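Q: Following UniProt numbering, the numbering of the sequence shown begins with 1 at its first residue and continues without gaps. Glycine included, every Cβ here is placed at the ideal spot set by N, Cα and C. Fair warning: this is a prediction, and the values are worked out from it, not measured in the lab.
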Amino acid sequence: MSKEDKIEVEGVIVKALPWALFEVKLPDDFGGGWIIIRAYISWKMRKNFINLIEWDSVLVELTPYDLSRWRIIFRKK
Numbered sequence: 001m002s003k004e005d006k007i008e009v010e011g012v013i014v015k016a017l018p019w020a021l022f023e024v025k026l027p028d029d030f031g032g033g034w035i036i037i038r039a040y041i042s043w044k045m046r047k048n049f050i051n052l053i054e055w056d057s058v059l060v061e062l063t064p065y066d067l068s069r070w071r072i073i074f075r076k077k
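Right, here's the structure in full:
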């Protein structure tokens with residue numbers, strides 16, 4: 001799978017859940033509202049001890065093979 005196959009979207013963390021899961025708010029392009037999804041932290045972020053708190057702006061990605069698992073790959077300043 002190449003890098004071009006992945007879908008990347010910018011969102012905001014709304015809530016921290018147990019087991020390194022987060023609820024992330026994404027913009028809805030069709031309805032003009034918001035979508036709330038659950039995402040987990042990527043291995044590189046765990047390895048480098050990057051902490052995430054509520055209202056952090058993050059970049060999440062989705063692979064076309066499993067549309068139910070979102071992954072947080074980057075925290076924006």
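For K70, collect the residues of the same chain with a Cβ closer than 8 Å to its Cβ; drop the 5 residues on either side in sequence, then sort them by chain order.
A: The identity of residue 70 in the sequence shown is Trp, whereas the question assumes Lys. Cβ neighbours of W70 beyond the five flanking positions: V24, I37, R38, A39, Y40, V60, E61 and L62.
Q: May I ask you to report which of helix, strand or coil DSSP gives W70?
A: W70 falls in the strand class under three-state DSSP.
Q: For G17 and G33, I'd like the C-alpha separation in whole angstroms.
A: Sequence inspection shows Leu at residue 17; the Gly mentioned does not correspond to that position. Answer to the nearest angstrom: the Cα atoms are 23 Å apart.
Q: Am I right that S42 and I7 are in contact with their C-beta atoms under 8 Å? What's the rounded C-beta distance?
A: Rounded, the Cβ-Cβ distance is 15 Å, inconsistent with contact.
Q: Would W55 pass as a contact of V9 if the rule is Cβ separation under 8 Å?
A: Their beta carbons are not under 8 Å apart, which means W55 does not touch V9 by this criterion.
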